[in-house]
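Sequence positions in the sequence shown follow UniProt numbering and run 1 to 104.
For each residue, glycine too, the CB sits at the ideal point set by N, CA and C.
Quick caveat: nothing in here was measured; it's all calculated off a predicted structure.
Heads up, the thing below is written out as structure tokens.
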Amino acid sequence: AKDTDHFENINSTNWQSMRFKPPPVNSNIGWRVEFRPTELQMTDFENAAFVTFIVLLTRAIMTYNLNLLIPISNVDENMQVAQQRDAFRHQKFHFRKSLSTSIF
1 AKDTDHFENI NSTNWQSMRF KPPPVNSNIG WRVEFRPTEL QMTDFENAAF
51 VTFIVLLTRA IMTYNLNLLI PISNVDENMQ VAQQRDAFRH QKFHFRKSLS
101 TSIF
């Protein structure tokens, strides 16, 4: 049997905003991606709204075949900048220039 514990340990410590989840051994469910962009919200309603938004976002990504990839170094920089107070108003973040090509 193949053991994925080593991969899981490394994978869970590298990226703060997403996580690759490999398929279990002898399974045909395929790879999965786990979104991890925010913390727990203040109310159940806010948590439910966020979950609903993520479901709709994943459907849009799959339906329109959107390419949202950016270099992991840019993701790390975004995470550092996002920790600052009022970062969304006063800082700059890395985003893609096009959602359908490989232009960053």
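Problem set entry | Residue from Leu40, Lys21, Ser73, Gln84 whose Cα sits closest to the Cα of Val33 | The residue with the shortest Cα to Cα distance from Val33 is Lys21.
Exercise. Alpha carbon to alpha carbon, how far is Ser73 from Thr43?
Worked result: Ser73 and Thr43: Cα-Cα distance of roughly 33 Å.
Exercise. Can you list, in chain order, the residues of its chain whose CB lies under 7 Å from that of Phe35, leaving out five sequence neighbours each side?
Worked result: Met18, Ile54
For this session: For Trp31, I'd like the list of residues in its chain whose CB is within less than 8 Å of its CB, leaving aside the five on either flank, ordered along the chain.
Result: Phe20, Lys21, Pro22, Pro23
Exercise. Roughly how many angstroms separate the alpha carbons of Gln80 and Tyr64, rounded to a whole number?
Worked result: 30 Å
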